[in-house]
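Peer 1: Please find one structure pasted underneath; my questions will follow.
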Amino acid sequence: MSVSRKTRDTLAFWGFVGPFLIGLAVFAYLPMGWSVYLSFFDARNTVTPSVFVGLDNYAHMLTDGPFLASLGTFSVFALAIVPLTFVLSLALAVGVHQLRFARAFFRSVFFLPFACSYVVASLVWKTSLFSGVRYGLANTVLGLFGADPVAWTGTVDPPLYWIVLVTARLWLQLGFYMILFLAALQRIPGRLYEAAWLDGAKPGWQVFRHITLPQLRATSVAVLLLNLINAYQAFDEFYNIMGDSRGYPPFARPPLVYLYYTSLGSGGQDLGRGSAGAVLLALLIALVTLVQGRLFRFDRGALS
Amino acid sequence: MNGAVVKAVLRWTALIVAAALFLLPFYLLLRNGLASRAEITAPDWTLWPRQVHWENFARLFSLEDVPFARSLLNSAVVATLQTLGLLVICSLAGYGFARIPYRHSKTVFYAVLATLMIPTSVTFVPSFVVVSSLGWLSDLRGLVIPGLFSAFSVFLFRQYFLDFPRELEEAGRVDGLTRWGVFRRIVVPNSRGFFAAIAVISVIGSWNAFLWPLIIAQSPDSWTVQVALSGLLTSQNPQLNLLFLAAAVSILPIVLLFAFLQRYLVRGVTESGLKG
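Chains as they are written, first to last, in the numbering used here: chain X, 1 to 304; chain G, 1001 to 1276.
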C-alpha cells in the first residue's frame, strides 16, 4: 500500500520548512524565552541564575534614569532623522527622476554610500569631517568665516554631537530611501499627469502636491516606518563616534547602546537587567508594528 | 531668461552640489589613506598628498594589535557562508509555505511572521546568552549560524514563489519529478534573478554588520573587518592614515558589487524595502 498523497505532502512540507523552523526556534524563540526568564532573576555574570527577584529588574529599569533617558535619546534622534530623511530622499528621487540624461550616474552616486558600513562613516565623520582639531574639515570651513574651532563630538551644550550623528546616518541611508521613492515614481501612470495638464494644473508644486504625493502614499508610509524602526536600533555610529579608548560618555546613549553597556560592558555583566531591558524594548517595538499593521489594514479597508 | 531655464540651472546646481557632498567621504578615504600621518591634520591642507605613501599598505597589514588581513578573510568567509546558507534554508521554507498544501501551514506561517515584529538586534542580549551557552564565542559558528534563519527572507521568498508560474511546475510534475525535483530543476533555475537580489543584499548586510560581531568575536583572531576597524578607531591615539586606508580597503569588495551587480542590488532593495 502506498502512502497517501496527503501524507506525502505533509512530509514534504516539513522537509522544506523544517530546517528553517528548527533554526528559528533556537535563535529567535529560545532567546526571547530565556530573556523573559532571566529578567526575573538576579543574573549578574551568569546565565543560570538562582536568585529570583520578581519584577525588581523591571522596576529598576523603569524608575532608574538611564533606561528612560535612552528612550529620550532615541526620541530626539528620531525627531531629527525621520523627517530629514523623508524630505531629502524624496527630493533626491524627484531630482533624479526628472533628469533626461546622466540619470544613472546621479542615481549611483547617491546610492553608493549604502555600500559603506556605519563604522566606515563614523570613522570619516569623527576623524576628518567633524574632527575637533583646528584643521578638521568642518572647523576649517568655520575658520574661513573667522569662527573658532569647535569640539563637535564633545560639545554637550548646545548638543553639537547630534549634527555629527545625524549627518552620518543621512549620508548612509538617503540613497536607500531614494531608491524606494524612485521605484514608486516610475510606477505612476503618465496619463495622470496628462489629465492634470488638461485640467490646467500648473506643472511644478501644484502637480507634485496633488498628483505625485498622493500616488506615493504607500511608499511614504513604508519609508517613514522603516526609518523609524531602523533609528530605534541605532548602535554602530553612536558606539564608534561617541566612544573612544576611555569609554563612552554618560549621555547620548540610545537604547541598544545603553543595553550593551549594562549587560555586556566591562563594568560587569548584568544579564538580568539587560534582559528586562530587552523585553521592554521588544514589547515597545512590537506595539509599534502592531499599530502599523492595524493602520495598514484600515487603509486598505478605506480604499476598497 | 525664462523661468524654465532658471529652474533647470538651479536643479543641476543642486544635484551637482549634492553629488559632490556624497562623494566627499570617498575622496577623503583615499586621500588620507595614502597620506602621511601628519598631513591629515596639517594646517596647509593639500588636495592630494604631496607624496603618495604606498608603504601604508605594508604597515596596515603588519599591525601588531589588529590582525587586519585576518579580519578581511573572516568577513569574506562569514559573508559567503551566511549568504549561501540563507539562500538554501530560506528559499526552501518560502517555497514550502507558498506551494505545499498542509493543514496547519497558515498557523506555522503566522508563528514565523510574529518574530518579524521584533528586530533581531533588539534581542542581542538573549541571543548572546544562547550563543555563548553553545560555546560559540569567538567562533565562526557564532558569527554565521544565527544569521541563517531570516524570517524576513522567508517572507520575501514566499511572496516571490506565490507569483511563480504554476504551469512550469505542473509540466515538471507531468514529467514525473518529485516536489524536490520540481524545486531544484525548474523553480530555482528560473528564479536566478531573485536569488541574486537576495544574495547581494545578504552579502552587504553580513559584510557591514557590526553589533553582532562586536559581541561574539571577542578574540582578535575572530574579528570581522568592521570590528577591526572599530578597534583601530577607538584605540588610544589611532594612526589616522592607516585607519583611512583600512576603511578604503574594507569597502572595496562592496563597491565592486555595486559596480557589477547594481541591477540585482536595486531589485533587492525595492523588494525588501517595499514588501516589508
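Just so it is clear, CB atoms sit at the ideal spot from N, CA and C, and this is done for glycine as well. Model, not experiment: these values are computed from the prediction.
Hey, which unbroken runs of the beta strand (DSSP E) at 3 residues or more fall wholly within the region 1236-1264 of chain G?
Peer 2: Listed in chain order, nothing qualifies, since the region 1236-1264 of chain G has no complete beta strand (DSSP E) run of 3 or more residues.
Peer 1: DSSP state of X:F176, grouped into three classes?
Peer 2: Helix.
Peer 1: Residues of chain X with CB closer than 8 Å to the CB of G:T1046, please, in chain order.
Peer 2: Correct list: empty, because the minimum Cβ distance to chain X is about 12 Å.
Peer 1: So X:W34 contacts chain G; which residues on that side make the cut at Cβ distance below 7 Å?
Peer 2: Simply P1126, V1129, V1130.
Peer 1: Just list the residues that DSSP pairs X:D270 with in beta bridges.
Peer 2: DSSP output for X:D270 lists X:R44 as bridge partner(s).
Peer 1: Using three-state DSSP, classify G:F1061 as helix, strand or coil.
Peer 2: It is coil, neither helix nor strand.
Peer 1: What does the alpha-carbon distance come out to for the pair X:W152 and X:W162?
Peer 2: Taking the straight line from one Cα to the other gives about 9 Å.
Peer 1: On the three-state DSSP scale, how would you describe X:D236?
Peer 2: Helix at X:D236.
Peer 1: Please confirm if X:R134 has its CB atom under 9 Å from at least one CB of chain G.
Peer 2: Yes, X:R134 lies at the interface with chain G (some Cβ there is under 9 Å from its Cβ).
Peer 1: In whole angstroms, what is the alpha-carbon distance linking X:S304 and X:H60?
Peer 2: Confidence in X:S304 is poor, its pLDDT being 31 and thus under 50, which makes the residue's placement unreliable; the coordinate value appears in the next sentence. Going by the C-alpha atoms only, they are around 48 Å apart.
Peer 1: When DSSP builds the beta bridges, which residues end up paired with X:F52?
Peer 2: X:F41, per the DSSP bridge assignment.
Peer 1: Residues of chain G with CB closer than 8 Å to the CB of X:P31, please, in chain order.
Peer 2: Simply T1123, P1126, S1127, V1129, V1130.
Peer 1: For X:M1, collect the residues of the same chain with a Cβ closer than 8 Å to its Cβ; drop the 5 residues on either side in sequence, then sort them by chain order.
Peer 2: In this prediction, X:M1 has a pLDDT of 49, which is less than 50 and means its spatial position is unreliable; what the coordinates show is noted afterwards. Counting only Cβ-Cβ distances below 8 Å, and skipping sequence neighbours, we find nothing.
Peer 1: So for X:G247, helix, strand or coil by DSSP?
Peer 2: Correct three-state label for X:G247: strand.
Peer 1: Contact defined as beta carbons within less than 8 Å: I believe G:V1182 pairs with G:R1173. What is the distance between those atoms, to the nearest angstrom?
Peer 2: Indeed, because the Cβ distance is near 6 Å, the residues count as touching under 8 Å.
Peer 1: Can you pull the chain X neighbours of G:F1226, defined as C-beta to C-beta under 9 Å?
Peer 2: A quick correction: the sequence has Gln, not Phe, at residue 1226 of chain G. Simply S117, Y118, V119, V120, D236.
Peer 1: As an exercise, report each continuous alpha helix (DSSP H) stretch of at least 4 residues that is fully enclosed by the region 137-171 of chain X, in chain order.
Peer 2: 137-144, all fully within the region 137-171 of chain X.
Peer 1: In whole angstroms, what is the alpha-carbon distance linking X:Y261 and X:T73?
Peer 2: Straight-line Cα distance between these residues: approximately 15 Å.
Peer 1: Along chain G, in chain order, which residues have C-beta atoms closer than 7 Å to that of X:I163?
Peer 2: Near X:I163 there are no residues of chain G at all, since even the closest Cβ is about 14 Å away, more than 7 Å.
Peer 1: Can you give me the Cβ contacts of X:Q98 inside the same chain, cut-off strictly under 6 Å, excluding the 5 residues immediately before and after it?
Peer 2: Same-chain partners within the cutoff: there are none.
Peer 1: Could you tell me how far apart the beta carbons of X:V82 and X:L226 are, in whole angstroms, since I believe they sit closer than 8 Å?
Peer 2: The pair is not a contact, with the Cβ atoms about 10 Å apart (cut-off 8 Å).
Peer 1: Excluding five sequence neighbours on each side, which residues of the same chain lie with their C-beta closer than 7 Å to the C-beta of G:L1029?
Peer 2: Taken in chain order, the residues that qualify are F1244, A1247, A1248.
Peer 1: Which full runs of the alpha helix (DSSP H) of 4+ residues lie inside the region 1003-1063 of chain G, going along the chain?
Peer 2: 1003-1033, 1055-1060, all fully within the region 1003-1063 of chain G.
Peer 1: Straight-line CA distance for X:R191 to G:W1012?
Peer 2: So the two alpha carbons sit approximately 27 Å from each other.
Peer 1: Among X:R253, X:D64, X:S39, whose alpha-carbon lies nearest the alpha-carbon of X:F52?
Peer 2: Nearest of X:R253, X:D64, X:S39 to X:F52, Cα basis: X:S39.
Peer 1: Which bits of chain G does X:N240 rub up against, with CB to CB less than 9 Å?
Peer 2: Near X:N240 (Cβ distances below 9 Å), the residues of chain G are F1210, L1229, S1230, L1233, T1234.
Peer 1: G:S1071: which of G:G1231, G:L1257, G:Q1262 sits nearest, CA to CA?
Peer 2: The option with the nearest alpha carbon to G:S1071 is G:G1231.
Peer 1: Taking contact to mean 3 or more Cβ pairs, one atom from each stretch, closer than 8 Å, check whether the region 1051-1067 of chain G and the region 1205-1214 of chain G are in contact.
Peer 2: As far as the Cβ criterion goes, the region 1051-1067 of chain G does not touch the region 1205-1214 of chain G, which means the pair count is below three.
Peer 1: Does X:L90 come within less than 9 Å of chain G when only Cβ atoms are used?
Peer 2: Not one chain G Cβ lies under 9 Å of X:L90.
Peer 1: Looking at the secondary structure, which residues open and close the alpha helix (DSSP H) in which G:P1165 lies?
Peer 2: Note, G:P1165: premise wrong, no alpha helix (DSSP H); not H, not E.
Peer 1: Which chain X residues sit within Cβ distance under 8 Å of G:F1068?
Peer 2: Near G:F1068 there are no residues of chain X at all, since even the closest Cβ is about 13 Å away, more than 8 Å.
Peer 1: Could you name the residues of chain G that X:D9 contacts, counting a contact when the two beta carbons are closer than 7 Å?
Peer 2: Neighbours of X:D9 on chain G, chain order: I1100, P1101, Y1102.
Peer 1: Using a beta-carbon distance below 9 Å, is G:I1186 in contact with chain X?
Peer 2: No, G:I1186 lies away from the interface with chain X (no Cβ there is under 9 Å from its Cβ).
Peer 1: Following the continuous alpha helix (DSSP H) through G:C1090, name the residue where it begins and the one where it ends.
Peer 2: Element bounds for G:C1090: 1068-1099.
Peer 1: Go ahead and pull the three-state DSSP assignment for G:L1232.
Peer 2: Reduced to three states, the DSSP call for G:L1232 is helix.
Peer 1: For a test of the three-state rule: what should DSSP assign to G:I1186, helix, strand or coil?
Peer 2: G:I1186 falls in the helix class under three-state DSSP.
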